[in-house]
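Residue numbers for the sequence shown follow the numbering used here, so the first one is 195 and each next one is one higher. This report refers to the structure that appears directly beneath it.
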Amino acid sequence: MSEWHARRGRSAAPERILLTASTSEAYAFLFKLLADPGELVLVPRPSYPLFDYLAALEGVRTSAYPLTYDDRWSIDLEALERACGAATPPRAIVVVNPNNPTGSAVQAGERARLEEIGAAAGAAIISDEVFFDYLDAPGGAGDASDSERRAVSLLPPKAGSPGPVRTGGGALKFVLGGLSKSCGLPQMKLAWVIVDGPDDRVGEAIDKLELVADTYLSVSTPVQQAAGSLLAIGEEVRTAIQRRLDANLETLRRSVGSASACRVLGRDGGWSAILQVPAVLSEEVMVLDLLMQDDVLVHPGYFFDFPREAFLVLSLLPGQDVFGEALQRILARIDRR
195 MSEWHARRGR SAAPERILLT ASTSEAYAFL FKLLADPGEL VLVPRPSYPL FDYLAALEGV
255 RTSAYPLTYD DRWSIDLEAL ERACGAATPP RAIVVVNPNN PTGSAVQAGE RARLEEIGAA
315 AGAAIISDEV FFDYLDAPGG AGDASDSERR AVSLLPPKAG SPGPVRTGGG ALKFVLGGLS
375 KSCGLPQMKL AWVIVDGPDD RVGEAIDKLE LVADTYLSVS TPVQQAAGSL LAIGEEVRTA
435 IQRRLDANLE TLRRSVGSAS ACRVLGRDGG WSAILQVPAV LSEEVMVLDL LMQDDVLVHP
495 GYFFDFPREA FLVLSLLPGQ DVFGEALQRI LARIDRR
């Protein structure tokens, strides 16, 4: 696993990698490690709604920090800093990189500030990078070609690799990944946590995480033995998935166009796209009409705590013919409104 990350330009020493059965389990382990019952973890909004459930099962409270939209979604760093400076400081800051479903990634110009905020508050940073293998190609929506606006992992770059200089303030970081997205193998049940930061804090965190993992013993031996081979052959799967994502995203952009009442929001990567639609009807009515009358399933923005209506979350994973037909049904129904 360390070698696989190195081939992708990222540094992950073997002794800093901990295996879990899923990223959900990784969150559970980290909440156990970092927070006592009743303590606070900051999570992004809009984002994946599972965080509240995972935290509640560990007796941990969540509070949201906002993502804001200006051609692309990004972390509102000032709001995050205020949240960290509240009377009850957080024990951890959760970052999804790129975020689900907005597709917004941490960029080089944001990373150092994010680490500084975490370090100043004494909060660890949990960076969920399960979708980091699926970034948009240069020139695509949300493309950030200059050095400050390039999507970056919170893992340090491998020695000699291009990447942001590590100028952060020494925050303890936990970077998550898994076979589910990196190889398209959710059924194999293998994920990982990579620990980075000040050496003394990293060592202490790994010792405690190993105790938690040894208590549950949830990762099977067969999948551990097969992990190297699965990651190697997974390149073909990742390439096929990325090809489909790119094709469907291009179909979406082309079909909506500049004259449409809808708008495709900018993104940096991931498996979803956000379609902003006229707020003539509620999101719930729209998605139910699409499901019951057009046989098309999309998710409403309120599933992910979007700040207002109306947004539809579209999966870019269907086959191109299926996606194209579904998109035409979506646009036709919106036009009829």
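Just so you know, even glycine gets a beta-carbon here, dropped at the ideal spot from N, CA and C. Note that the structure is predicted; figures quoted are calculated from it, not measured.
Judged by pairs of C-beta atoms under 8 Å, the segment 492-510 touches the segment 240-251, as three or more such pairs exist. Taken in chain order, the complete beta strand (DSSP E) segments of 3 or more residues contained in the segment 437-488 are 466-470. Counting along the chain, Y221 sits inside no beta strand (DSSP E); it lies in the alpha helix (DSSP H) bounded by residues 217-228. According to the DSSP assignment, R307 belongs to the alpha helix (DSSP H) that extends over 302-315. By the criterion of a C-beta distance shorter than 7 Å, T256 is surrounded in its chain by V235, V237, F245, D246, A249, once the five residues flanking it on both sides are discounted. A Cβ-Cβ contact shorter than 8 Å links V471 with A504. Following the DSSP letters along the chain, one finds F500 in no alpha helix (DSSP H), marked with neither H nor E. Every unbroken stretch of the beta strand (DSSP E) spanning 3 or more residues and falling wholly within the segment 208-288 is given here in chain order: 211-214, 234-239, 255-263, 267-269. Across the structure, N293 and S216 are spaced so that their CA atoms are roughly 18 Å apart.
Taking one beta carbon from each stretch, the segment 468-484 and the segment 311-321 have fewer than 3 pairs nearer than 8 Å; the two do not touch. Rounded to the nearest whole angstrom, the CA to CA distance from D488 to A526 is 10 Å. Under DSSP, no beta-bridge partner is assigned to H199.
Cα atoms of G397 and K352: separation of roughly 20 Å, rounded to the nearest angstrom. With respect to the C-alpha of V387, the residue from G378, D394, L366 having the closest C-alpha is L366. Counting along the chain, D515 sits inside the alpha helix (DSSP H) bounded by residues 514-530. V431 sits close to G378, with the two beta carbons spaced by under 8 Å. Check the Cα spacing between V324 and each of G279, P231, R305, L384: the tightest is with L384.
Here D264 is exposed: its Cβ has fewer than 16 other Cβ atoms, across all protein chains shown, within 10 Å. Buried is the label assigned to L484, since at least 16 other Cβ atoms lie within 10 Å of its Cβ.
Within the model, the alpha-carbon separation for G391 versus A317 is close to 12 Å.
At least 8 Å separates the beta-carbon of A306 from that of L329. Under DSSP, G372 takes part in a beta bridge, and its partners are A385. Between A277 and A229, the gap from beta carbon to beta carbon reaches 8 Å or more. Bounds of the beta strand (DSSP E) holding V507 are 505-509.
In this structure, S347 keeps its C-beta atom at 8 Å or more from the C-beta atom of R210. For the pair V492 and I524, the CB atoms are nearer than the 8 Å cut-off.
In the displayed model, V290 falls within a strand according to three-state DSSP. DSSP places P416 in the helix class (H, G or I) of the three-state scheme. Per the C-alpha coordinates, the member of Q436, L511, F368, Y259 positioned closest to A220 is F368.
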